[in-house]
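Undergrad: Using mature numbering (1 follows the signal peptide of the UniProt record, and there is no 0), the letters of the sequence shown map in sequence onto residues -18 to -1, 1 to 563. Every residue gets a Cβ at the ideal spot worked out from N, C-alpha and C, and that includes glycine. Here it is, the structure in full.
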Amino acid sequence: MRKAIAALALATASIAPAAPADDFKALLADHWRWTLANNPVLASRMGDRSGDGKLDDISLAGADRKAKGAQGFIDRLKAIPDTGLSVADRENKAVLLRLLGQSIEGNRFGQRQMLFTTYYSWFQGFASLADRSPFKTAADYRSYLDRLAAYPAYNAEAIKITAQAVAGGFTQPCDVLGGFDKTIAGLIAPDPAQSRFLQPFARARPGDMSEAEWAAAKARAGEIVTTILNPQHEKLLAFYRTIYLPKCRKTEGASSMPQGAAYYAFRVRAETTTDFTPDQIHRIGLSEVARIGAEMDALAKRADYPDRAAFVTKLRTDPAYYARTPEALMAVAALQAKRIDGMLPAWFATLPRLPYGIRAIPAETAEGTTTAYYGPGSPAAGIAGTYWVNTSKLDQRPLYELPALTAHESVPGHHNQIARAQELDLPEFRRNASFAAFTEGWGLYAEKLGIAMGLYDTPEKEMGRLSYEMWRACRLVVDTGIHSKGWTKAQAIAFMTEHTALSAANIEAEVNRYISWPGQALAYKLGELRILAIRARAEKALGARFDIRRFHDAVLGGGAIPLDVLEARMDAWVEAEKAAG
């Protein structure tokens, strides 16, 4: 009898339900495998070879499959009780639910057919494949060449979706598309050797490739450019000019499209990770514009100008503030970045191991895009982060802006935050998550941190910083004005021109970006304001025990997260600091 009871107990134990923590661990593993399977280019960056040679599925059917898969994970997550999870896993669960729900909601809108903005496109994304891929072995090069050869199907699917968008009224406004065809035409290379797609062959030959294999791979790349990529981009250019452009939208706000108001409300929630309405954000923006404007007025007087307008006019028109060659601009930007590098240990206890470099934005996109941006690297793939600087229209790229620009786009801004996230002891999805309110809020916070770091040592540089902060405050007003209040592009440009010291070219490019990418511009200022508020509370609560290096480590220690999750993390950090004494 005792043996029978023991056997029954053993059998019962073997079929007992797994603990919530075990269920959650299994779910995270399944989710990451699913993520890599759906994103083969990311998989290669992460060292997973299962997707080599493949491109991501850009189709709407693929988007629907991903949404269905996301719902399956949500159902599994909701079945796991929080009470059985650690504090860390409860946070992981909350972040994953937010990401999955957001992807499902976004897939319900017809705007999912809009595959490009003035800031991003599928063809330019494909052209940057070399910047996002590993090139350490022969297998890496084979995968890259196979992906180049797979472009016709990818491009055809994108054109098909964009044709559906045209038919459904989901096109970009005519007013933002001036010169956009250059971003396609610039990819057509009569001489394959000059093509961006051959950049990987400027590297050293991998050790596991013979000279003959290397020469054959390079020859194949040139042939693909000539026989596949050039014809594909010529086809795309013809489609854009004859089919898409004649049907561009005559209105600018997202609300003028089908489902427009609901879509913009979704974009606001997704980009800000808040429940603010467009009206609330508009009012916050106006308040910030007034506050920063008063600081700009006071600075102009201290610099011996009669008013802000006179100072801004001087900044916009004096050739002394502008580089004469792209090389000169890059040299100043690189020197600024290196100077900040030397200051970082005083402000951060932990710095990322991954380095970053500085490169010029590709010529075919430079004239229509922003003044700089950051490209994440990959420790697994051996890719450094990149501070991309715009070297077009040099008379519109003032040197006095470079301290704030560099602080935001490289260090202590995006590179510090993103490269650090990639090295954290967190689930893989957290290391690679992106929440704009956190990421861009941190970038703008980094600009303000530059005050204490001594980056703005002249009135011109300080006005450059204030102008950048004003620029982000104006975004709150302009983005909501365009997409929820019926503002025109002309109104938006006039508002930006009146309140910032930005050049005309930068203002034009920025307003085009806000129009074509609704809601994204709201993330910066709202994120920065929240981080500053969290810091102020921590300083007040900890008094003399407040340590700025530990504070920065704590803010960056969870990767990119929604703002409410950040607040909860930092409240817990303050209590832990108090307890530590």
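Pick helix, strand or coil for W370, following the three-state DSSP scheme.
TA: DSSP places W370 in strand when its eight states are reduced to three.
Undergrad: Just verifying my parser: in three-state terms, what is the DSSP assignment at A342?
TA: A342 falls in the strand class under three-state DSSP.
Undergrad: I'd like to confirm the pairing. Which residues does DSSP put opposite G425 in its beta bridges?
TA: None, per the DSSP bridge assignment.
Undergrad: Reducing DSSP to helix, strand and coil, say where I530 ends up.
TA: If DSSP states are grouped into helix, strand and coil, I530 belongs with the helices.
Undergrad: DSSP three-state call for Y304: helix, strand or coil?
TA: Three-state result, Y304: strand.
Undergrad: Below 8 Å on the Cβ atoms is my contact criterion, and I expect W453 with T482 to pass it. Report the Cβ-Cβ distance as a whole number of Å.
TA: 5 Å between Cβ atoms; contact.
Undergrad: Mind the definition here: the region 374 to 385 touches the region 132 to 141 only if three or more C-beta pairs lie below 8 Å; say whether that holds.
TA: Cβ pair count under 8 Å is below three, so no.
Undergrad: Within the chosen definition, does the region 430 to 446 reach the region 458 to 471 through at least 3 CB pairs nearer than 8 Å?
TA: Counting Cβ pairs under 8 Å, fewer than three are found: no touch.
Undergrad: Go through the region 213 to 285 residue by residue and report every complete run of the alpha helix (DSSP H) that reaches 4 residues or more, in order.
TA: Listed in chain order, the complete alpha helix (DSSP H) runs (minimum 4 residues) inside the region 213 to 285 are 242 to 254 and 260 to 284.
Undergrad: Just list the alpha helix (DSSP H) runs in the region 482 to 545, keeping only unbroken ones of 4 residues or longer that don't cross its boundaries, in chain order.
TA: Counting only runs of 4 or more, we get 486 to 498, 505 to 524 and 530 to 538.
Undergrad: For my contact list, N212 and I170 are in at a C-beta cut-off of 8 Å; report their separation, rounded to the angstrom.
TA: The pair is a contact, with the Cβ atoms about 5 Å apart (cut-off 8 Å).
Undergrad: Assuming Y382 and L297 make a contact with CB atoms under 8 Å, what is their CB distance in whole Å?
TA: Correct: roughly 7 Å between the Cβ atoms.
Undergrad: Using a Cβ-Cβ cutoff of less than 6 Å, which residues in the same chain neighbour A554 once the five nearest sequence positions on both sides are dropped?
TA: Around A554: no qualifying Cβ.
Undergrad: Could you work out which residue in K164, D46 and A313 is closest to N20 when comparing CA atoms only?
TA: Nearest of K164, D46 and A313 to N20, Cα basis: D46.
Undergrad: Rounded to the nearest angstrom, what separates A(-10) and P2 at their Cα positions?
TA: Residue placement at A(-10) cannot be trusted, given a pLDDT of 49 that sits under 50; the coordinates are not used to answer.
Undergrad: For residue 564, does the count of other Cβ atoms within 10 angstroms reach 16, so buried, or fall short, so exposed?
TA: In the structure as shown, the chain starts at -18 and stops at 563, and residue 564 therefore has no counterpart that could be examined.
Undergrad: Does the count of Cβ pairs from the region 8 to 16 and the region 97 to 106 closer than 8 Å reach three?
TA: No, the region 8 to 16 is not in contact with the region 97 to 106.
Undergrad: Could you give the DSSP three-state label for Y438: helix, strand or coil?
TA: Coil at Y438, not helix or strand.
Undergrad: Is it true that the CB of I400 sits closer than 8 Å to the CB of G367?
TA: Yes, Cβ-Cβ distance for G367 and I400 is below 8 Å.
Undergrad: Just to confirm, are D30 and L18 a CB contact at a threshold of 8 Å?
TA: Cβ atoms of D30 and L18: closer than 8 Å.
Undergrad: Could you check the C-alpha separation between A310 and P334 for me, to the nearest Å?
TA: Answer to the nearest angstrom: the Cα atoms are 28 Å apart.
Undergrad: So, with DSSP's three-state summary, where would you put S32?
TA: Helix.
Undergrad: Using 8 Å as the Cβ pair cut-off and three pairs as the minimum, do the region 75 to 82 and the region 410 to 419 touch?
TA: Output reads yes: the region 410 to 419 touches the region 75 to 82.
Undergrad: Leaving out five residues before and five after R551 in sequence, what residues of the same chain have Cβ atoms less than 6 Å from its Cβ?
TA: Excluding positions up to five away in sequence, the list reads G540.
Undergrad: For V69, count the other beta carbons within 10 Å of its own beta carbon; 16 or more makes it buried, fewer makes it exposed. Which is it?
TA: Per the 10 Å Cβ criterion, exposed.
Undergrad: Thinking C-alpha only, which one of I516, A518, A472 and A515 is nearest D157?
TA: Among I516, A518, A472 and A515, the Cα nearest to that of D157 is on A472.
Undergrad: Return the residue from the list Q154, H264 and A319 that minimises the CA-CA distance to G242.
TA: Ranking Q154, H264 and A319 by Cα distance to G242 puts Q154 first.
Undergrad: If you reduce the DSSP assignment to three classes, tell me which class S110 lands in.
TA: Coil, per DSSP.
Undergrad: Starting from A354, follow its DSSP beta bridges and name the residues at the other end.
TA: According to DSSP, which records beta bridges pairwise, A354 is partnered with V371.
Undergrad: If you drop the 5 nearest sequence neighbours on each side, which residues of the same chain put their C-beta closer than 7 Å to that of I274?
TA: So the list reads L448, E451, M452 and A455, once near-sequence residues are dropped.
Undergrad: Taking the alpha-carbon positions, what's the S(-5) to I62 distance?
TA: With a pLDDT of only 49 at S(-5), under 50, the local geometry of the prediction cannot be trusted, and no value is derived from it.
Undergrad: Check S360 in the structure and name its three-state DSSP category.
TA: Three-state DSSP puts S360 in a strand.
Undergrad: Establish whether the CB of D279 and some CB of chain B are separated by less than 8 Å.
TA: Absence of chain B from the displayed structure is noted, only one protein chain being present.
Undergrad: Where do the ends of the alpha helix (DSSP H) carrying S85 lie?
TA: Where S85 is concerned, the enclosing alpha helix (DSSP H) stretches over V69 to G88.
Undergrad: Can you grab the Cα-Cα spacing for the pair D64 / A121, in whole Å?
TA: Looking at the two C-alpha atoms, the distance is approximately 43 Å.
Undergrad: Since K7 is in the alpha helix (DSSP H), which residue starts that stretch and which ends it?
TA: Counting along the chain, the alpha helix (DSSP H) containing K7 begins and ends at P2 to N20.
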